[in-house]
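Enquirer:
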Amino acid sequence: MGEQMTYINPDILVWARRVSGLDYDEIESTFDIQKIECWEKGTEFPTYAQLTTLSKLYKKPIAVFFFPEPPEYTKIAASFRTLPELFVKMFSSNRIKIINTARVMQLNLYELNDGINPTKNLITNIKFKSKSINELAKELRGIMNRSLDEQIMLRKSDEAFEFWRDAFFDLGIYVFKEAFKDDAISGFCLYDEIFPVIYINNSLAINRQIFTLFHEIYHIINQTSGVDLINDDSIFNCYKNLSDKQIEINCNEFAGVFLVPDNDFLKVIQKIGYNEEVVEKLANRYSVSREVILRKYLNHGIINQEEYLNKQKDFNDDYLRYKDISKKSAKKSSGNYYNTQVAYKGIHYVALTLNKYYTQKISVTQLAQYLDMKISSIDTLTRKKGWGKI
Numbered sequence: 001m002g003e004q005m006t007y008i009n010p011d012i013l014v015w016a017r018r019v020s021g022l023d024y025d026e027i028e029s030t031f032d033i034q035k036i037e038c039w040e041k042g043t044e045f046p047t048y049a050q051l052t053t054l055s056k057l058y059k060k061p062i063a064v065f066f067f068p069e070p071p072e073y074t075k076i077a078a079s080f081r082t083l084p085e086l087f088v089k090m091f092s093s094n095r096i097k098i099i100n101t102a103r104v105m106q107l108n109l110y111e112l113n114d115g116i117n118p119t120k121n122l123i124t125n126i127k128f129k130s131k132s133i134n135e136l137a138k139e140l141r142g143i144m145n146r147s148l149d150e151q152i153m154l155r156k157s158d159e160a161f162e163f164w165r166d167a168f169f170d171l172g173i174y175v176f177k178e179a180f181k182d183d184a185i186s187g188f189c190l191y192d193e194i195f196p197v198i199y200i201n202n203s204l205a206i207n208r209q210i211f212t213l214f215h216e217i218y219h220i221i222n223q224t225s226g227v228d229l230i231n232d233d234s235i236f237n238c239y240k241n242l243s244d245k246q247i248e249i250n251c252n253e254f255a256g257v258f259l260v261p262d263n264d265f266l267k268v269i270q271k272i273g274y275n276e277e278v279v280e281k282l283a284n285r286y287s288v289s290r291e292v293i294l295r296k297y298l299n300h301g302i303i304n305q306e307e308y309l310n311k312q313k314d315f316n317d318d319y320l321r322y323k324d325i326s327k328k329s330a331k332k333s334s335g336n337y338y339n340t341q342v343a344y345k346g347i348h349y350v351a352l353t354l355n356k357y358y359t360q361k362i363s364v365t366q367l368a369q370y371l372d373m374k375i376s377s378i379d380t381l382t383r384k385k386g387w388g389k390i
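Per UniProt numbering, residue 1 is the first one in the sequence shown, and the count goes up by one each step.
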């Protein structure tokens, strides 16, 4: 007995093939063209296993095939308009797939919330008064109601990340994580007036992830989607539009100013000066990367450009070493799957989907699609966390 066919809207299959940029000739090495044509006409339907293969071929999350209608996707080049076109053309299939996943999560949020962001303080509705980066950082901190003293009290990086993730949620921004399998990108955001989302590369050190949060929120404040690169200098020379380049420079400056306010930084270093041990100590104090602290020393003329660039390379290499350590840790600890699912999707998104299920607004099948998990795995997760049973 063969695998059961899965009913989907044939228009979704036509849409997925077209936006993937593939034609029939490029598909026939994987599927018989007549079979594809039958699926697209709705005279036959693919099995779930065949859909899984299609999702890889078209570089689309499998959840998108279960949408009632084809979603509206902005072209990647248009979405990330502040990036040079040359860099956008270099987007690998893996990068495109993660961006598509982010778009699906954005659409999920629209469906789960009936098109209305429930926060009372949606960031896209806030009229910021400040124009300078320093003043804007102070204004945002006040709006977030997160003091520097609270930030400094945080002793663990993962605790600090969730501290800021909660603050972003209060502003209507959902933060998701994924292992990008990409050494160049630290994260990105997709701007939207109702549901802006941020995706963070979990392969990198958490303090670097925190910096990326604030790089991306500056993009959102400026109503643009954007990408945070590990080494911005590698593409800065590719910019033709200087205003777009300036936005990226401002994003980095804003993140540094917000997380490490100059007045506090200068007060602290008057007592402890500068050396590698001090850089490490300050990075832990503010829950930021050592590179952020190093940039502060450079900006205030305490170290020169050559010293900064030499150390910056060492710190960037450390991000990659962290990734290798994370891979080894993941292999040793197979019991972390459920914690990883919550960490990647965020407790707020997981709670949203479960609430919709427990209040009978969505079916268990829909729950599995929204969480991109097997029903049995969701049941295990909820039991482990003491959230009930599925």
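The beta-carbon is built from N, C-alpha and C at its ideal position, and this holds for glycine as well. Because the structure is a prediction, the values reported are computed rather than measured.
Quick one: Cα of residue 58 to Cα of residue 112, how far?
Expert: Taking the straight line from one Cα to the other gives about 25 angstroms.
Enquirer: Buried or exposed for residue 369, please, with buried defined as at least 16 other CB atoms from any protein chain shown within 10 angstroms of its CB.
Expert: buried
Enquirer: Ignore the nearest five residues each way along the sequence and tell me which others in residue 10's own chain have a CB closer than 8 angstroms to its CB.
Expert: 39, 40, 41 and 42, listed in sequence order.
Enquirer: Secondary structure at residue 274, three-state DSSP: helix, strand or coil?
Expert: coil
Enquirer: If we count the other Cβ atoms within 10 Å of its Cβ and call it buried at 16 or more, is residue 95 buried or exposed?
Expert: buried
Enquirer: For a minimum of 3 consecutive residues, which ranges assigned as the beta strand (DSSP E) are wholly contained in the UniProt domain "IrrE N-terminal-like" (170–295)?
Expert: 174–178, 185–190, 197–201 and 226–229
Enquirer: Rounded C-beta distance between residue 202 and residue 177? I'm assuming under 8 angstroms.
Expert: 4 angstroms
Enquirer: Less than 8 angstroms separating the beta-carbons of residue 296 and residue 346?
Expert: no
Enquirer: Using the Cβ count rule (16 or more neighbours within 10 Å means buried), how would you classify residue 151?
Expert: buried
Enquirer: Excluding the five sequence neighbours on either side, which residues of its own chain have a C-beta within less than 6 angstroms of the C-beta of residue 66, listed in chain order?
Expert: 369
Enquirer: At 4 residues or longer, and completely inside the region 11–95: list those alpha helix (DSSP H) runs for me, N to C.
Expert: 24–27, 33–41, 48–58, 76–79 and 85–89
Enquirer: Quick one: Cα of residue 333 to Cα of residue 299, how far?
Expert: Because the pLDDT at residue 333 is just 44, under 50, the model does not fix this residue reliably, and the point stays unresolved.
Enquirer: Going by other Cβ atoms of all chains shown within 10 Å of its Cβ, with 16 needed for buried, is residue 105 buried or exposed?
Expert: The residue in question, residue 105, is buried, as its Cβ has 16 or more Cβ neighbours within 10 Å.
Enquirer: Out of 12, 214 and 356, which has the shortest C-alpha to C-alpha gap to residue 228?
Expert: 214
Enquirer: Among 266, 173 and 375, which residue has its Cα nearest to the Cα of residue 200?
Expert: 173
Enquirer: Assuming residue 348 is part of the alpha helix (DSSP H), what are its boundary residues?
Expert: 347–358
Enquirer: Determine the extent of the alpha helix (DSSP H) in which residue 152 is found, giving its start and end residues.
Expert: Per DSSP, the continuous alpha helix (DSSP H) segment holding residue 152 begins and ends at 148–153.
Enquirer: Counting only the same chain and skipping the five closest in sequence on each side, list residues whose C-beta sits under 8 angstroms from that of residue 8.
Expert: 45, 46, 51, 65 and 66
Enquirer: Is it right to say residue 102 is buried, meaning 16 or more other beta carbons lie within 10 angstroms of its own, or is it exposed?
Expert: Residue 102 should be labelled buried.
Enquirer: Once the 5 residues before and after residue 312 are set aside, which same chain residues still bring their CB inside 7 angstroms of it?
Expert: 291 and 294
Enquirer: Taking the alpha carbon of residue 212 as the point to measure from, which residue in 68, 128 and 288 has its own alpha carbon closest?
Expert: 288
Enquirer: Is residue 7 helix, strand or coil by DSSP?
Expert: coil
Enquirer: Could you say which of 252, 230, 190 and 249 lies nearest to residue 223 if we only look at CA atoms?
Expert: When only C-alpha atoms are compared, the closest one is 190.
Enquirer: Taking the alpha carbon of residue 337 as the reference point, which residue from 274, 373 and 107 has its own alpha carbon closest?
Expert: 373
Enquirer: Closest by CA to residue 72, which one among 16, 54, 121 and 124?
Expert: 16
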